[in-house]
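Student:
In full-length UniProt numbering, the protein residues as written are 1 to 465.
1. Rounded to whole angstroms, what is the Cα-Cα separation between residue 250 and residue 223?
2. From this set, 86, 40, 153, 134, which residue's C-alpha is nearest residue 196's C-alpha?
3. What separation, rounded to the nearest whole angstrom, lies between the Cα atoms of residue 368 and residue 435?
4. Which whole-angstrom value is the C-beta distance of residue 171 and residue 184, which I expect to be below 8 Å?
5. Report buried or exposed for residue 455, applying the criterion of at least 16 other Cβ atoms within 10 angstroms of its Cβ.
6. Per DSSP, what are the beta-bridge partners of residue 164 in this structure?
7. Can you tell me where the alpha helix (DSSP H) holding residue 191 begins and where it ends?
8. Does DSSP put residue 364 in a helix, in a strand, or in coil?
9. Give a single yes or no on whether residue 121 has its beta carbon closer than 7 Å to a heavy atom of the ligand NAD.
10. At a cut of 8 Å, does the stretch 237 to 250 reach the stretch 117 to 126 through at least three beta carbon pairs?
11. Just mark residue 83 as buried or exposed, buried being the case when its beta carbon has 16 or more other beta carbons within 10 Å.
12. In the DSSP assignment, what residue or residues form a beta bridge with residue 133?
13. Along the beta strand (DSSP E) that carries residue 202, what are the first and last residues, could you check?
14. Which residues does DSSP list as the beta-bridge partners of residue 69?
15. Residue 12 to residue 25, Cα distance in whole Å?
16. Which residues in the same chain as residue 55 place their Cβ atom closer than 6 Å to its Cβ, once the five residues preceding and following it in sequence are excluded?
17. Give the straight-line distance between the Cα atoms of residue 137 and residue 155, rounded to the nearest whole angstrom.
18. Could you work out which residue in 452, 449, 30 is closest to residue 90 when comparing CA atoms only?
19. List the DSSP bridge partners of residue 30.
20. How big is the Cα-Cα spacing for residue 200 and residue 194?
21. Give the list of continuous alpha helix (DSSP H) stretches no shorter than 4 residues that lie fully inside the stretch 405 to 443.
22. Are the Cβ atoms of residue 415 and residue 432 separated by less than 8 Å?
23. Can you find the residues in the same chain that come closer than 7 Å, C-beta to C-beta, to residue 376, ignoring five residues on each side of it along the sequence?
24. Alpha carbon to alpha carbon, how far is residue 124 from residue 214?
25. Return the CA-CA distance between residue 44 and residue 74, expressed in angstroms with no decimal places.
26. Which of helix, strand or coil does DSSP assign to residue 107?
27. Beta-carbon separation of residue 49 and residue 10 under 8 Å?
28. Taking the alpha-carbon positions, what's the residue 18 to residue 248 distance?
29. Using the DSSP secondary-structure output, state which residues sit across from residue 236 in a beta bridge.
30. Please tell me whether residue 5 and residue 47 are closer than 8 Å, where the distance is taken between their beta carbons.
31. Using the C-alpha atoms, what's the distance from residue 139 back to residue 51?
32. Give the C-beta separation of residue 225 and residue 130 to the nearest angstrom, bearing in mind that I take them to be a contact with Cβ-Cβ under 8 Å.
33. Excluding the 5 residues preceding and the 5 following residue 135 in the sequence, name in chain order all residues of the same chain whose CB lies nearer than 7 Å to its CB.
34. Helix, strand or coil: which one does DSSP assign to residue 185?
35. In chain order, what residues of the same chain have a beta carbon less than 7 Å from the beta carbon of residue 244, not counting five sequence neighbours either side?
36. Within a Cβ cutoff of 6 Å, which residues of the same chain sit near residue 70, ignoring the five residues on either side of it in sequence?
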C-alpha cells in the first residue's frame, strides 16, 4: 500500500476505487457506494500511518510524500468520489418502503422461543451434550436480544464475568419510596447486567427469571459440553474461542416459527420498532431520554431517526395542513396541534354568494346550514344511508332552517368552541350528537361542525377580526 501513497499516483488510486466500487460513468453512480466511501476513509488513515512510520525511521522524503498525498485527498476526493457515492446512497432510499416488524410477528416469535426454551432447558439439565448446550445458548441469546431490543453484537459479546457480577443487591429503602408498589415488584422480578455497548458506552440488559436460570445452567455445563475454559464469552461456542452470532440465531428462529416477514426481525429493525411504537405512549421529554439511554441512543439521534416513518407522517399529518390551505380554513385551527385537527377529505366547501350583504350573510350563517332537518312526527325517520346521501349531495340543494331546540342543543355543548373561535373536530361533533339524541336525532357531525364554523365567522365579522 505504500506505493499508492504518492501524489503522482493519486489519479491511479481514483481509477482503482471506481473499478472496485462499480462506477457507471454515464449515470455518475456506484454499484457499491458505501465501499467507495469506506475506501476514502481507509486511504486517509493509511497515509497518516505511512507518514508516522517514515518519520520514525528518518525517511523525510517518504513522510513528505504521504503528507502531500493526504492534502490532495482532502482537497479532491469529494469531487472525484464522495459526491457521486453519497448521491447514489440517497437516491437508493427514495420510494423504498420502510420495513418494520409486525407486532403479531414479534409476539409469535416470543411464543416460539419460550416453548423451545422450556424444552431445551429440561433436556440440557437431564442429559448435557454439546448439541443441547448450543441449542439452549442460541435460544437464550435470541430471547435476550428480542426482549431488550439490544444490538445483536453487544449481547453476543456479553462477558461471562459481566453475568456473574450482575447486581443482585436488594432495593434501597430510600429509593423504594419513590416507586409504586408495582414498580417495586418489577425491581425484584428482573435482574440487570451491564455490558459494553457502542463506542464503549455502558448499556444495561434486563433478564427475566427464566433467562437467568437458563444462563446459570449454561455456565454450569459449559466445560462439560466442550467450551474452552479460556473462552471469555457468556454465549460461548463449543470447541472455539468465539461466541454465537445473535443475528443468525434470531433469523433461524424467525424462519422456524413461520411468520409473515422473517427478514424484518433483525435486531436493528426491532430497535426501530420499539422506538417507533413508543410514540403511542406520548412520552414526556424525561421519559423519552430514559428510553433513548436504555437503547443506547443519543437523544438527538433518537428523535431524528426513531419516529413514525417519514411517509406516514407526511400522509397523516402534513396532508391536514394542505387540505386546510386548500379549503381556506387554516385560520380556523389557530392554536391547535396537528393531532387535534380533523378534516374530512370528502367534505365539500359550502358555496357562499358574494353578492349578499354583510347583514344578510350574518343572518344566513345562523339560520341556514346543510345539517339536521326539522324533526317531523308525521313522517318516518330517515335511515342513516339517506342522511349520508343528503350530506354528500349537491351544494345547490335547498338549505333547511335550524329548529330552536337544535340550536340550543348544539350551543349547550359547543359554546366553548364558538367563544374560543376553534372549529371542532369530528369526535367533538359526534359527542354533541350523542349527548342530545332527541334534539339532534337527524343530525350529522358535518352539520354541527358547519353550524359552529358559521357562528365563529359571524363573531369574527362583528368583532372586526
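We treat Cβ as the ideally placed atom computed from N, Cα and C, and that holds for glycine.
Tutor: Short version:
1. The straight-line gap from Cα to Cα measures roughly 25 Å.
2. 153
3. Reliability fails at residue 368, whose pLDDT of 43 lies under 50, so the model's placement of it is uncertain and no value is given.
4. 7 Å
5. buried
6. In the DSSP output, where bridge partners are listed per residue, residue 164 has none listed.
7. Counting along the chain, residue 191 falls outside any alpha helix (DSSP H), though it belongs to the beta strand (DSSP E) covering 191 to 196.
8. Caution is warranted here: a pLDDT of 41 is assigned to residue 364, below 50, making its placement in the model unreliable, and no coordinate value can be reported.
9. As for the ligand NAD, it is missing from this structure, which has no ligand bound.
10. Taking 8 Å as the limit for Cβ pairs, the verdict is that the stretch 117 to 126 does not touch the stretch 237 to 250.
11. exposed
12. The partner list for residue 133 (beta bridge, DSSP) is empty, contrary to what the question assumes.
13. 202 to 207
14. Answer by DSSP bridge pairing: none, since residue 69 is not bridged.
15. 16 Å
16. Taken in chain order, the residues that qualify are 63.
17. The alpha-carbon atoms of residue 137 and residue 155 are separated by roughly 12 Å.
18. When C-alpha distances from residue 90 are compared across 452, 449, 30, the shortest belongs to 30.
19. According to DSSP, which records beta bridges pairwise, residue 30 is partnered with 23.
20. 12 Å
21. 426 to 435
22. no
23. For residue 376, the predicted structure reports a pLDDT of 40, less than 50, and the residue's modelled location is therefore unreliable. The matter cannot be settled from this model.
24. 10 Å
25. 8 Å
26. helix
27. no
28. 32 Å
29. 243
30. yes
31. 49 Å
32. 5 Å
33. 120
34. helix
35. Shown here for residue 244: same chain residues with a beta carbon closer than 7 Å to its own, the five before and five after excluded, namely 137, 138, 141, 156, 235, 237 in chain order.
36. The residues are 47.
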